[in-house]
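Numbering (my numbering), first residue to last: 41 to 334. All residues carry an ideal CB built from backbone N, CA and C; glycine is no exception. Reviewing the structure listed below.
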């Protein structure tokens, strides 16, 4: 899949996800509803739901069948961003180039926005009746989003602020804070598609290594100033990042290794996995000097 083909694929999948997200939210007449829509529909790559959709298709299923689960992952991801941006956490004023939820609607309502988005996510998955292994998928998403996954990783991240983090600490943070949702996105796509155990293992490995590659790439871009317009504060808070712990050269080596392992996991899946392969390549390519400058 060429770069242009990937761009068209991602744009089409974003439209599909965005349409489903608009439909699942409550009407925006209340201030809470408006704040939810502001946070959820204000841009974003939609990578986690796209991974779920592409994984389902790679496993022989359909994107439509996994769409409720894919959208649930984006709801969970957005709730985490709203809460991460709060003054008690990362204290960010900008998100995706515009004021964060709490700067527009206040801290109290921002907390409720996150709570509501998380609740809506599980309601959406529960409504997907008839999907193969749906209950198993819901349980896996719960683990990935909770103490064993994203929330636990955020707690480790907070504890590591301002300290000299080791590589082991860094891996533990990112495997849970970022990697868990990418991993479960790929697994959920496979589960709902009824993937055979061997295929599900490969999708799981792919999601795990893609999540690591995405986080390292984000760290590299942040260190290079590539997220200044987004208001990122990782360096200000002395957060544990791959460039900070390993240096730029070693961080890039880890990035390439994670990409290669993600690609290796997909090898036997054939042409149906082409979007997943192209996405892994793109994650690394966006850190190249020309891409970072664009």
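Environment of residue i [buried if 16+ CB atoms lie within 10 Å]
i: residue 69; result: exposed
i: residue 248; result: buried
i: residue 48; result: exposed
i: residue 167; result: exposed
i: residue 140; result: buried
i: residue 125; result: buried
i: residue 130; result: buried
i: residue 323; result: buried
i: residue 223; result: buried
i: residue 44; result: exposed
i: residue 262; result: buried
i: residue 237; result: exposed
i: residue 102; result: exposed
i: residue 197; result: buried
i: residue 317; result: buried
i: residue 132; result: buried
i: residue 203; result: exposed
i: residue 62; result: exposed
Reduced DSSP secondary structure (H/G/I, E/B, other) of residue i
i: residue 126; result: coil
i: residue 79; result: helix
i: residue 70; result: coil
i: residue 37; result: Any answer about residue 37 is impossible in this case: the structure gives the chain only from 41 up to 334.
i: residue 244; result: helix
i: residue 227; result: helix
i: residue 209; result: helix
i: residue 236; result: coil
i: residue 200; result: helix
i: residue 65; result: coil
i: residue 100; result: coil
i: residue 45; result: helix
i: residue 251; result: helix
Inter-residue CB distance, residue i and residue j (contact presumed, cutoff 8 Å)
i: residue 145; j: residue 71; result: 7 Å
i: residue 88; j: residue 221; result: 5 Å
i: residue 115; j: residue 177; result: Not quite, the Cβ-Cβ distance comes to about 15 Å (not below 8 Å), so this is no contact.
i: residue 25; j: residue 181; result: Outside the shown range of the chain (41 to 334) lies residue 25, about which nothing can therefore be said.
i: residue 171; j: residue 110; result: Not really, about 12 Å apart at Cβ, beyond 8 Å.
i: residue 314; j: residue 41; result: 5 Å
i: residue 252; j: residue 219; result: 6 Å
> Where in the segment 109 to 190 do unbroken runs of the alpha helix (DSSP H), each at least 4 residues long, occur, reported from the N-terminal end onward?
Replying inline: DSSP runs (the alpha helix (DSSP H)) wholly in the segment 109 to 190: 141 to 145, 147 to 166 and 174 to 185.
>> Quick check on the DSSP output: what are the complete alpha helix (DSSP H) runs of length 4 or more inside the segment 286 to 317, in order along the chain?
In response: Counting whole runs of 4 or more residues, the segment 286 to 317 contains the alpha helix (DSSP H) stretches 288 to 306.
> Three or more beta-carbon pairs under 8 Å between the segment 277 to 287 and the segment 249 to 267, yes or no?
Replying inline: Enough Cβ pairs lie closer than 8 Å, so yes.
>> So, does the segment 238 to 245 touch the segment 294 to 306, judging by three or more C-beta pairs under 8 Å?
In response: The segment 238 to 245 is in contact with the segment 294 to 306.
> Given 8 Å as the limit, is there contact between the segment 74 to 84 and the segment 92 to 99, that is, 3 or more CB pairs closer than that?
Replying inline: Flag = no, the segment 74 to 84 and the segment 92 to 99 do not touch.
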